[in-house]
Amino acid sequence: MRMLLMAAVALLAAACGSTPGAVPFQLPPGSQLPPGAAVITSGPSERGDQSCDPTASLRPGIQPQPGAMPAGSTMAAIVASGKLRVGVDQNQTLFGYRNPATGQIEGFDIDIAREVARDLFGDPERVELHPTESANRAPALVANEVDMVVQTFSATCARRKDVQFSTPYLLADQRLLVTKTSGIRSTADLAGKKVCGVYRSTTLDAIFALPQHPTVIGMVNWLDCLTALQQGQVDAVSTDAPILDGLKMQDPNLELVGETMDSDAFAIGIQKQATDFVRFVNSVLQRLRTDGTWQRLYDKWLSGVGPSPGPPATRYSD
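FYI, the numbering for the sequence shown is -22 to -1, 1 to 296, going by mature numbering (1 follows the signal peptide of the UniProt record, and there is no 0).
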């Protein structure tokens, strides 16, 4: 056990060296944190910039027939490559997770990505899924590692400095996930507690804004937060409710509590220069809203979260 703990400390030290405002924290006796876990001492300010309307996107263009994209367009280049490269999660039940029975990554986000491939190629299977850590979603686009990101990626003004976003395809409110015996019923009960979040996520900002000053523990992904909550290494997990619902489905001893802390609009992230592809993707999303596909996908993946709110309203910047 002593060797395991020493290894954990070494991993934490390495992680903290690359994560601003993150330092190791004391482990409960006999426990081991996932690699990369650390205390976060300041929020990423992902929601703080209010200089734009983060949910407004470019108006859809005229949708070409699958496989017949305009010459010289971003879409034509993607079709010529033979596949649509998509940054996704593989640890988020309901949105993007690896099905242990099939080994395939499945979820609401994955099916949204396949609909874009359907309109590009005429074949929804022409996707190349790239599992990406939440903190690396924008960097993966900037580095041209993927053509788009569909990964519960919240549109914000801060992120728009590096990437573009489609219109939102789902709205979500931020809440808390706790064990049923925790005694935590609202954010007012978090004083002196440990709250888990994922690096660079928008939902960290609302935690740091609380007057109760909980200790914020950063993890690489939400599945690590779930494990830490189950092992008593943190007292709560806070992020958007649909993500928390996916974690709760894996453990009947957990529950969502508390008031709405903030809200997010999930959108598709696209490379900054690919304005034509933004318009194309917005055309795809408009089709999903009007032909019943969005509702079908909601019923398939998210009906257990609650009644369908319907697809989000659209706002266009031009």
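Where a beta carbon is used, it is the ideal one built from N, C-alpha and C, also for glycine. For clarity, every value in this text was computed on a predicted model and none was experimentally measured.
- Note on geometry: alpha-carbon atoms of residue 262 and residue 161 lie some 45 angstroms from one another.
- Spanning the alpha carbons of residue 201 and residue 70 requires a straight line of approximately 7 angstroms.
- For residue 23 against residue 136, the beta-carbon gap comes to about 7 angstroms, under 8 angstroms, which counts as contact.
- Assigned with DSSP and collapsed to three states, residue 186 falls in helix.
- With contact defined as three or more Cβ pairs closer than 8 angstroms, the segment 247 to 265 and the segment 185 to 200 are not in contact.
- Separation of residue 124 and residue 142 (C-alpha to C-alpha, rounded to the nearest whole angstrom) is 13 angstroms.
- By the Cβ test, the segment 208 to 224 is in contact with the segment 148 to 165, since at least three Cβ pairs between them sit closer than 8 angstroms.
- If you draw a straight line from the Cα of residue 64 to the Cα of residue 174, it comes to about 27 angstroms.
- Rounded to the nearest whole angstrom, the CA to CA distance from residue 78 to residue 250 is 35 angstroms.
- Going by DSSP, residue 65 is part of the beta strand (DSSP E) stretching over 62 to 66.
- Around the Cβ of residue 194, a 10 Å sphere holds 16 or more other Cβ atoms; the residue is buried.
- In the assembly as shown, residue 58 is an exposed residue. Its beta-carbon has fewer than 16 other beta-carbons within 10 Å.
- For residue 241, no alpha helix (DSSP H) segment is defined; the enclosing uninterrupted segment is the beta strand (DSSP E) at 241 to 244.
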